[in-house]
Amino acid sequence: MNVLSTGMGWIDVQYGGLNRYFADYSNAMKEHGHSELGFVFAPKGSHINTDLNIRNVTHEMDIKHYLSRMRSIRKHTHQAMGSFNPDVFNPHFAFYTTMVTRNLIPSHIPIVSHFHGPWALETEVQQTNSATKAVKEARLWIKKQVEQLTYRRTDSFIVLSEYFRDILTETYGVDQRKINIIPGAVDHNRFRPHPNREELRTQLGISSNQPLLFCIRRLVRRMGIDRLIHGMADVVRRHPDVRLFIGGDGPMRAEYEALINQLGLSSNVKLLGRISNEELVQYYQAADVSLVPTLTLEGFGLITVESLSCGTPVLGTPYGGTKEILHQISDDLMFKDGTSESISKKIIDVLNKDSFLPSREACRKHVLNQYTWGRVAEAVTDVFTEEIGKRKRFRR
Numbered sequence: 003m004n005v006l007s008t009g010m011g012w013i014d015v016q017y018g019g020l021n022r023y024f025a026d027y028s029n030a031m032k033e034h035g036h037s038e039l040g041f042v043f044a045p046k047g048s049h050i051n052t053d054l055n056i057r058n059v060t061h062e063m064d065i066k067h068y069l070s071r072m073r074s075i076r077k078h079t080h081q082a083m084g085s086f087n088p089d090v091f092n093p094h095f096a097f098y099t100t101m102v103t104r105n106l107i108p109s110h111i112p113i114v115s116h117f118h119g120p121w122a123l124e125t126e127v128q129q130t131n132s133a134t135k136a137v138k139e140a141r142l143w144i145k146k147q148v149e150q151l152t153y154r155r156t157d158s159f160i161v162l163s164e165y166f167r168d169i170l171t172e173t174y175g176v177d178q179r180k181i182n183i184i185p186g187a188v189d190h191n192r193f194r195p196h197p198n199r200e201e202l203r204t205q206l207g208i209s210s211n212q213p214l215l216f217c218i219r220r221l222v223r224r225m226g227i228d229r230l231i232h233g234m235a236d237v238v239r240r241h242p243d244v245r246l247f248i249g250g251d252g253p254m255r256a257e258y259e260a261l262i263n264q265l266g267l268s269s270n271v272k273l274l275g276r277i278s279n280e281e282l283v284q285y286y287q288a289a290d291v292s293l294v295p296t297l298t299l300e301g302f303g304l305i306t307v308e309s310l311s312c313g314t315p316v317l318g319t320p321y322g323g324t325k326e327i328l329h330q331i332s333d334d335l336m337f338k339d340g341t342s343e344s345i346s347k348k349i350i351d352v353l354n355k356d357s358f359l360p361s362r363e364a365c366r367k368h369v370l371n372q373y374t375w376g377r378v379a380e381a382v383t384d385v386f387t388e389e390i391g392k393r394k395r396f397r398r
């Protein structure tokens, strides 16, 4: 079938969980036999290097504002209705498709929306300004209303976790009968164990017996990086040779750098900044444990699955999608809560070998059994087929 999708950005230009999912999802749908046309935004002058049918609708224009992006998505979607003739419209970022009204989509074409998270809530949680509570609540309400314009015209939803299903029903009032839970996946051919892990660790400056912890997150408050750094003070006192590499960038970087220096952790904790996709895989492969200290709005836990696919166990907070993934392996892999004390205690227990940690082989096997793109493409196709059948009566 012809699938018209809209995303947010492109992974080779803008790192992020949604962008990674959209790229891998588009490839999986193509391999499953679908013809897909996707629209994304990339910075002016950026080149999208892919053999997938993905178009940067920014082109040479400098589209910085949301309103301009909405108009651009509306324009290209309207054009695609005639040139591409889609069987299903599949938006992945509701905010950009606000102006794609139902009368723009032929009545026989279902709208199946991927819900990757509450954009309104995420932007409010990440705010660092001093706006009053009333102003913040007003902004949140407006953003939610904009998102709901897309949700109200959606026939069916796909979410990656029970956690996001509950947010979609409780926060946005979506009928649970419209929601399909299809967990995400990982490119297990890219994210795989290294054939010579010790050699890789040597290249990264890590000795064979030196514990290496890894965390990849956008440096914003809700990711819990500050609590992880505070927790590392206790860990380093017990294990002075431990190293923690934190990949990713964001508005809190300067503050976290200062915190590391303040706590005297500069020899043990390193902020890597933004890293390439190739470097990301290498750090997963080299690490003894990956850490996910997210405090809220962790809808699936893509980094958890990526790490497991490389054979590296994961410790995480007992929230959202992280909890759902780790619970399948063992509850011992979760911190008691998101405090720095709980984070440090679990890490110390693991380094002391006083807490369960699955083998690298078991981590990889779990992903191959549960989180492959072939399984996702098949499940999504079933949803599309059902919704297309429901709208057949509208076809003239």
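With my numbering, the residue at position 263 of the sequence shown is 265, and numbering never jumps.
Note that beta-carbon positions come from the ideal geometry of N, C-alpha and C, so glycine has one too.
Distance between beta carbons of residue j and residue i, contact taken as under 8 Å
{"i": "Arg-224", "j": "Leu-304", "result": "No, Arg-224 and Leu-304 are not in contact; Cβ-Cβ is about 16 Å, not under 8 Å."}
{"i": "Thr-341", "j": "Tyr-321", "result": "Not a contact, Cβ separation roughly 13 Å."}
{"i": "Ser-344", "j": "Asp-351", "result": "Actually they are not in contact, since the Cβ atoms of Ser-344 and Asp-351 sit about 11 Å apart, beyond 8 Å."}
{"i": "Leu-261", "j": "Ile-231", "result": "5 Å"}
{"i": "Ala-289", "j": "Phe-216", "result": "4 Å"}
{"i": "Val-59", "j": "His-78", "result": "5 Å"}
{"i": "Arg-220", "j": "Gly-252", "result": "5 Å"}
{"i": "Ala-404", "j": "Thr-387", "result": "Outside the modelled stretch of the chain, which goes from 3 to 398, sits residue 404, for which no answer is possible."}
{"i": "Met-72", "j": "Met-101", "result": "5 Å"}
{"i": "Phe-247", "j": "Tyr-285", "result": "6 Å"}
Residues bridged to residue i [DSSP beta-bridge criterion]
{"i": "Asn-182", "result": "Ile-160"}
{"i": "Arg-57", "result": "Phe-41"}
{"i": "Lys-272", "result": "Phe-247"}
{"i": "Asn-4", "result": "Ser-37"}
{"i": "Leu-215", "result": "Leu-246 and Val-291"}
{"i": "Asn-92", "result": "Ser-7"}
{"i": "Gly-318", "result": "Val-294 and Met-336"}
Extent of the continuous beta strand (DSSP E) run through residue i
{"i": "Val-114", "result": "114-117"}
Where the alpha helix (DSSP H) containing residue i begins and where it ends
{"i": "Val-352", "result": "342-353"}
{"i": "Val-176", "result": "Careful: Val-176 lies outside any alpha helix (DSSP H) and carries neither H nor E."}
{"i": "Leu-370", "result": "362-372"}
{"i": "Val-137", "result": "135-154"}
{"i": "Trp-375", "result": "375-392"}
{"i": "Thr-204", "result": "199-205"}
{"i": "Ser-309", "result": "304-311"}
{"i": "Lys-77", "result": "68-85"}
{"i": "Ala-256", "result": "255-264"}
{"i": "His-196", "result": "Segment: none, His-196 is in no alpha helix (DSSP H) and carries neither H nor E."}
{"i": "Gly-233", "result": "227-240"}
Beta-carbon proximity of residue i to residue j, cut-off 8 Å
{"i": "His-94", "j": "His-118", "result": "yes"}
{"i": "Leu-54", "j": "Ser-28", "result": "yes"}
{"i": "Ala-256", "j": "Ala-30", "result": "no"}
{"i": "Ile-181", "j": "Arg-203", "result": "no"}
{"i": "Ile-183", "j": "Val-385", "result": "no"}
{"i": "Val-2", "j": "Val-307", "result": "Only positions 3 to 398 of the chain appear in this structure, which leaves residue 2 out of reach."}
{"i": "Lys-348", "j": "Leu-317", "result": "yes"}
{"i": "Ile-75", "j": "Thr-99", "result": "yes"}
{"i": "Glu-389", "j": "Asp-157", "result": "yes"}
{"i": "Thr-324", "j": "Val-294", "result": "yes"}
{"i": "Arg-366", "j": "Ser-309", "result": "no"}
{"i": "Glu-149", "j": "Phe-86", "result": "no"}
{"i": "Gly-233", "j": "Leu-274", "result": "no"}
{"i": "Phe-302", "j": "Pro-185", "result": "yes"}
{"i": "Val-238", "j": "Asn-263", "result": "no"}
Proximity test, Cβ basis, 8 Å: residue i and chain B
{"i": "Met-31", "result": "Although the question refers to chain B, the structure presented lacks it and comprises just one protein chain."}
Practice task
Would you check if there are 3 or more beta carbon pairs closer than 8 Å linking the region 30-45 to the region 9-19?
Solution key: yes
Practice task
Would you check if the region 329-336 and the region 192-200 touch, i.e. whether three or more CB-CB distances between them fall below 8 Å?
Solution key: no
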